Structures are given as structure tokens and as C-alpha cells.
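Quick note on full-length UniProt numbering: the sequence shown kicks off at 1 and runs consecutively. One structure is given below, encoded as C-alpha cells.
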Amino acid sequence: MAEQPTSSTTNPLPHSRGGRHRSRKQQKPSTAEREQKKASRLQALGPTESIKEKQQKAREEREAKRSMIDFRHEYVMSTVGSTLGLTNDEVTESLLEGNQIETMEDFFKADGLSKIVFYFQEVESLPDAVEHVRLGPGGAQATNIKTKPKVFITDTKDMQLTGACVFFIRINPTKALTMANISQETTFGLLDTRGVGVLQSVERLLADIYIPALSKSSNWGDLSDKHGASVRNGFMNQLDNFVGILSSAKASLDDAVSLKECDSIDLTRISSPTDYIAAASSSETLEQIEEIVTAWIKQIEQTPLASAAGKSLK
């Protein structure tokens, strides 16, 4: 019986599959490309990991500072909170930022700070604060967060008071403040500028609190005897005069006129004789200056003082 001839023809389907497999292998990225993508991913994650570490470190530092808080800190914080209408937790969490707990320690120790000042207002940033971040396709990016009013310690030199201020003053800076004596060895006060400004708030503080208290006080130390009476009276008169000056300054500011800003020309650039000659030679510049000066004259004429002076001249 003759054998059936073996066909040499192969099924094209495996070839087709094999062709697709080879095509897929050819589409895979090379080792160099994979390494480059991996490096890019690691580079994108690097800042994020760094920020996470920074935030973790900040949390650990906050807890370490929290452990430093004793009755003295709690006394000051609770006084600040009750004076400003805040909870103790709100005050504490704000003061754990930066080196504010350390500043309080300097206030407590013998021969330390003679005063400590707390502001309650909006702030752009605080020293040593951890940045807020936003994660997105471009990686970790710092974001500017609008802050609500918060409590913080300041030396008052570089920070303008726009909100409320609670201050503590030591009666005897050479004596250390302890849990037993802090309430007797310190005095505190509130200076609230919200809605009234600094001048009026200082005027109220002196006129409503300090002057009445000093007038009724009989303990003036070395000035308590008859020989110190003239010094006491002179001091009280000067204090009354100062309050009057504050009141007059406030009234003057209320009557002040804010002249319209010059948007058409920068007058600060006209400051030398050469600039004057150049401005006088330019009809356009003269027209702009005349326009703003005319607007200023109209503003001044509308003030009560100018109106009264004008009527008296008629």
C-alpha cells in the first residue's frame, strides 16, 4: 500500500501569529528608554517625598513643643484666648508654629524678656512654617493659601498692627516666672485696632483704663510722700495732654483729603531742573499735569475747611 505523501505546505496562521508577536516585540521601548522614563518618574516623586519628610518633621517638632507646655504657658494662652474670644486649642495650635514656645520660655526666665506681645490678625506667612503643596501632573507645587486671622507672637518692630494685640508685662524682670507667681508677677492688656485704628485704640486704653486707675492709686513707691506729689501731678498732666494729642491727631486724619492718584503721568520722574525744562517743552505733558492739578483743586475746594475759608473771603 502506497504511503500518503506528506504535505510540505505549512499553515499560514502560525506564521501570521508569529509575525504579530515579532511586531509587538519590536514596539517595546528599549532599555535606555525604560531607564529614562524611570528616572523621570523618580525625579517627579523626589520633591513630593521631600515635602512629606518635611511635614513629618514639622509634626514631630510640634509634638515636642507641645510636651514643653506647663501651667505658665497655659495661663498665658488661656488669658489670650479669653481676651480675644478664642478657644484654648485655637491659641495653642497657632503658637506651636515656629519658635514661639521658645520665646515664651525667654519671657518666663529670670532677666528674660520684660514683655511679650501677641497679635491677632491675618498674616502672609510665619517663620519656619511648612509650605502647603498641590500635587498635579507637573509634580509638587507650592501654593499660596489665604489665611484667616490667627494668634502669633511678635516683637512689634517689623509687623504693623492691623487687628488686636494682647500684651503681657513683667512687674520684676529679674525674678523668674513660676507656676505659683505668674499671675501676681505679670499684668496684661488689650489693644484692639479693629474698626477704629491705632490712635483711637491707644487713646481709649489710656483714657478709660490707665488714667483712672493711676488717679485712684495711692501706692506710687518713692513718690508716695508729699515731696513726690508735684512729680505725680506733672506726670498725670502730661498723660492727659498726650491723650488730647492723640484725639487731635485722629480728628486731623479723619478730615484729611486723599488726592487723586495721577495715572496719566509719573510725576516722580520730574525731579530735576532738566526734567522741568523737558516737561515744560512738551505740550502733552503740560496737558496731563494741568488735568491732574485741576482735579486736585476741585477735591480741596470740597473740604469743609476750604469751603469755610472761601465763604469768609466773600
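Note that the Cβ used here is the ideal one computed from N, Cα and C, for glycine as well. As the structure is a prediction and not an experimental result, all values here were calculated from the model.
Distance between Lys115 and Thr186, taken at the CA atoms: about 9 Å. Under the three-state reduction of DSSP output, Lys250 falls in the helix class. For the options Ile270, Lys260, Ser230 and Gly234, the alpha carbon positioned closest to that of Val293 is the one of Lys260. The continuous beta strand (DSSP E) containing Gly189 extends over residues Thr186 to Asp192. Beyond the five residues adjoining it in sequence on each side, Ile277 comes within less than 7 Å, by CB distance, of no other residue in the same chain. Short of 6 Å from the beta carbon of Thr156, and not among the five residues preceding or following it, lie these beta carbons of its own chain, in chain order: Val117. In the three-state scheme derived from DSSP, where H, G and I count as helix and E and B as strand, Thr92 is classed as helix. Taking the Cβ atoms as the reference, Glu203 lies roughly 10 Å from Ser248, outside the contact range of under 8 Å. In this structure, Gln288 is the residue among Gln288, Ser272, Tyr75 and Asp225 with its C-alpha nearest to the C-alpha of Ser264.
The beta-bridge partner set that DSSP reports for Cys165 consists of Tyr119 and Leu191.
Counting along the chain, Val151 sits inside the beta strand (DSSP E) bounded by residues Lys150 to Thr154.
Annotation: Phe167 to Asn241 spans about 24 Å, alpha carbon to alpha carbon. With a cutoff of 8 Å on beta-carbon distance, Val243 and Leu199 are scored as not near each other. Only residues of its own chain outside the window of five on either side were considered, and among them Ile270 and Thr285 have a CB closer than 6 Å to the CB of Ala279, listed in chain order.
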